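Some notes on the structure that comes next.
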Amino acid sequence: MSSNNMGQDFYKDLIDNNRKWVEDKLAIDREYFAKLARGQQPPVLWIGCADSRVPANEIIGAQPGEVFVHRNIANMVIHTDMNMLSVLDYAVNVLKVSHVIVCGHYGCGGVQAAMSNRSIGLIDNWIRHLKDVYRFHQKELDSITDEEERFDKFVELNVKEQVLDLAKTSIVQAAWNRGQELNLHGWVYGVGTGLIKDLGVNVHSDDDLAKVYQLNFG
Ligand code: CO
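Quick note: the sequence shown uses my numbering, first residue 501, plus one each step.
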């Protein structure tokens, strides 16, 4: 990767970079792509932020074929998002992943926007879901006087809420009801350190949900 990857010419190198990458992979294993072409069986679904600084595979040392990935602004699990639901359904019911990781990150622009009152256009309607998370935890967040600290805490609380939102889906609850192993995790990545913090919100049954969200399957 060139050190000046923000330059106007960065685009021109992309295809060349791809050719070089293919050569590097084939130098190690002539069958590398032939093997990948046979199919995928990733054990993990990653739901992360679209932020360019948080490339899912790279920060966890995962290779192609190892992680099924969904990314959007501020790593949200929104129950009417057909894209997210389709990815989740495919990951759980076809690929049969055993882990779903929601990975947020400190310094997330989406989370920061939710703390502000400024309108930034259509995205306000996406960010609005983050404002709900703020409202759920308003007392705790408002009690933090240091703005940076409050921002970090909001990032963490949002990840926890998104993990619970995953658990509330019929997709995840039906899997648990069938006895399928499915563990939900909440992580936060530090863009300034490269390190991931496991928030310890490991959810693996609907017992972790308030009663009103628990679905019975007849
Ligand atoms: Co972000």
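Glycine is no exception: its CB is placed at the ideal position from the N, C-alpha and C atoms. Remember, it's a predicted structure, so these values are computed and weren't measured experimentally.
Judged by DSSP in its simplified three-state form, residue 689 adopts strand.
In this structure, the straight-line span from the alpha carbon of residue 697 to that of residue 684 is close to 15 angstroms. Residue 651 sits in a helix when the DSSP states are folded into three classes. When the alpha-carbon of residue 713 is set against those of 666, 565, 702 and 534, the nearest one is in 666.
The C-beta separation of residue 554 from residue 548 comes to about 6 angstroms, placing the pair in contact by the 8 angstroms criterion. Between residue 597 and residue 545, the CB-CB gap stays under 8 angstroms. Less than 8 angstroms divides the Cβ of residue 706 from the Cβ of residue 673. For secondary structure counted as the alpha helix (DSSP H) over 4 or more consecutive residues, the segment 549–603 holds these complete runs in sequence order: 556–559 and 582–589. For the 8 angstroms CB-CB criterion, residue 602 and residue 575 form a contact. In this chain, the beta strand (DSSP E) harbouring residue 696 covers 696–698. Taking residue 539 as reference, the option from 566, 550 and 585 with the minimal CA-CA separation is 566. Taking 4 residues as the minimum length, the alpha helix (DSSP H) runs contained wholly in the segment 599–675 are 609–615, 624–636, 638–642 and 647–668, in order along the chain. Approximately 4 angstroms separates the beta-carbon atoms of residue 662 and residue 577; this is inside 8 angstroms, confirming the contact.
Residue pairing by DSSP puts residue 546 in a beta bridge opposite 569 and 601. The Cβ-Cβ distance between residue 584 and residue 570 falls below 8 angstroms. Contact check for residue 709 and residue 668: beta-carbon distance about 6 angstroms, within the 8 angstroms limit, so the pair qualifies.
Secondary structure at residue 522: helix, using DSSP grouped into helix, strand and coil. DSSP, reduced to helix, strand and coil, places residue 536 within a helical segment of the structure shown. In the three-state DSSP reduction, residue 712 falls in the helix class (H, G or I).
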